[in-house]
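To start, the structure itself, in structure tokens.
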């Protein structure tokens, strides 16, 4: 029997013992830096494939980067400095869809693949989007606070609405936008949509009414829901001008990326009564700073970037993130490459004997 290398991992679900089948003093065991906690299902897959999981945290990514062959990260991303400190790094696997905090250009220049898990959390994020919408429309959070405080007068002050028949505006029509549209339609909402890539045919095929512009969508919608990647062109897409076009009784929901919204402009608009409320799962700075103005508004429902964090989605994302690490280190092309220009060099390096 081969001797084993063992270590323990505790990520809150349960503690698991991982053992490598690589003999001590024998083959080099490739390692994968786990920047933020992932579900044990992903760790188990790495273990089964003979890859050591090195537990880290965002503040230690540069210090622990040397010698690792792979990285799995969540919303902390992976910096250019950390990549340059890791000469053996082959792949950065993003546990989730967004990769705006990964230095993709640097990775491509260094021949490092960046992959993500775009299909794994679609249903969870779409459901959370509707949950925030319901919480706003039905006064769930403010009602909870009032009840706990013994404020029996809340029931006479509350202003709640029915969602059936209201207009739900989808901004961005990728996988999550499409699933959110399906759920909104299922509760009887009229669903309209706009995509910066001009996907009118896709919108129509999904039963969504295309809008000619973002301006038209925000003016028409009772709920504006954001489902875009963050890019230089989408940063602060929802600014003072767009907020001013929204209906006074409308809600803004963001489960995509915090910087899509000018948060100061949103706070000013809410204070002025220009819209009824907002449901935010994402923020420009995460975790949300203690002095953020967003904390001051009772008509904002806040959740800490957990829309994709159901048990089922966490398992799927962890397995897919880990399986793509296994693919790359085995010389196989992974299914969800963010920077395909890096693949030929990576494949050639593997063929030459350098994974």
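In this note's numbering, the protein residues as written are 3 to 357. Heads up, the beta-carbon is just placed ideally off N, CA and C, and yes, glycines get one too.
>> Using a Cβ distance threshold of 8 Å, determine whether the segment 36–51 contacts the segment 309–319, with at least three qualifying pairs required.
In response: Using a C-beta cut-off of 8 Å, the segment 36–51 makes contact with the segment 309–319, since at least three inter-stretch Cβ pairs fall below that distance.
> Which residues bound the alpha helix (DSSP H) around residue 175?
Replying inline: Residue 175 -> no alpha helix (DSSP H), and no H or E assigned at all.
>> Report the start-end ranges of each alpha helix (DSSP H) in the segment 220–308 that is 4 residues or longer and not cut off at the edges.
In response: 242–247 and 265–273
> Got a sec? Which residues, its chain only, sit under 6 Å from residue 305 by beta carbon, not counting five neighbours each side?
Replying inline: These residues qualify, in order along the chain: 283.
>> Give me, in chain order, the residues of the same chain whose beta-carbon lies closer than 6 Å to that of residue 84; leave out the 5 immediate sequence neighbours on both sides.
In response: A distance below 6 Å between beta-carbons, with the five flanking residues on each side excluded, links residue 84 to the following residues of its chain, in chain order: 63, 64 and 67.
> Does the separation of the CB atoms of residue 169 and residue 229 fall below 8 Å?
Replying inline: no
> Can the beta-carbon of residue 135 be found closer than 8 Å to that of residue 255?
Replying inline: yes
>> Would residue 323 and residue 58 be called neighbours here (beta carbons separated by less than 8 Å)?
In response: no
>> In the DSSP output, what is residue 325 paired with across the bridge?
In response: Paired residues: none, contrary to the question.
> Would you call the CB atoms of residue 99 and residue 119 closer than 8 Å?
Replying inline: In this structure, residue 119 lies closer than 8 Å to residue 99 by Cβ.
>> Tell me which residue opens and which closes the beta strand (DSSP E) that residue 55 is part of.
In response: 54–57
>> Does any residue of chain C have a CB that is nearer than 8 Å to the CB of residue 274?
In response: Here chain C cannot be found, since the structure has a single protein chain.
> CB residue 108 to CB residue 343, shorter than 8 Å?
Replying inline: no
> CB-CB under 6 Å to residue 210, same chain, minus the five flanking residues each way: which ones, in chain order?
Replying inline: 183, 193 and 195
> Just curious, the beta strand (DSSP E) that residue 195 is in, first and last residue?
Replying inline: 192–196
>> Helix, strand or coil for residue 355? Go by DSSP, reduced to three states.
In response: coil
> Between residue 113 and residue 259, which are expected to be in contact by the criterion C-beta below 8 Å, what is the C-beta distance as a whole number of angstroms?
Replying inline: With a Cβ gap of about 27 Å, residue 113 and residue 259 do not count as contacting.
> What's the C-alpha gap between residue 276 and residue 150?
Replying inline: Looking at the two C-alpha atoms, the distance is approximately 29 Å.
>> According to DSSP, simplified to helix, strand and coil, what is residue 142?
In response: helix
> If you scan the segment 78–148 from start to end, which runs of the beta strand (DSSP E) of 3 or more residues do you find wholly inside it?
Replying inline: 93–96 and 115–117
> Would you report the Cα separation of residue 50 and residue 334, rounded to the nearest angstrom?
Replying inline: For residue 50 and residue 334, the distance between alpha carbons rounds to 17 Å.
> Name the DSSP beta bridge partners of residue 72, please?
Replying inline: 34 and 93
>> Taking the straight line between their C-alpha atoms, what separation do you get for residue 91 and residue 206?
In response: Distance between residue 91 and residue 206, taken at the CA atoms: about 43 Å.
>> For residue 358, tell me which candidate among 307, 332 and 198 has the shortest Cα-Cα distance.
In response: Look at the range of the chain in this structure, 3 to 357, and you will see that residue 358 is not part of it.
>> Cutting at 6 Å between CB atoms, please list the residues of its own chain near residue 329, excluding the five before and the five after it.
In response: 336
>> Quick check on this structure: which residue in 174, 300 and 139 has the alpha carbon closest to the alpha carbon of residue 251?
In response: When C-alpha distances from residue 251 are compared across 174, 300 and 139, the shortest belongs to 139.
> Helix or strand or just coil, what does DSSP make of residue 212?
Replying inline: strand
> What span of residues does the alpha helix (DSSP H) with residue 63 cover, start to end?
Replying inline: For residue 63, the enclosing alpha helix (DSSP H) covers residues 63–66.
> Is the beta carbon of residue 309 less than 8 Å from the beta carbon of residue 130?
Replying inline: Cβ distance < 8 Å, so residue 309 and residue 130 count as in contact.
>> Please report the straight-line C-alpha distance between residue 246 and residue 272, rounded to a whole angstrom.
In response: 11 Å
> Going by DSSP, which residues form a beta bridge with residue 189?
Replying inline: Looking at the DSSP assignment, residue 189 forms no beta bridge with any residue, so it has no partner.
> Taking the continuous alpha helix (DSSP H) assigned at residue 165, which residues delimit it?
Replying inline: Looking at the DSSP string, residue 165 is not in any alpha helix (DSSP H), and its letter there is neither H nor E.
>> When you compare the CB positions of residue 212 and residue 202, do they come within less than 8 Å of one another, or not?
In response: yes
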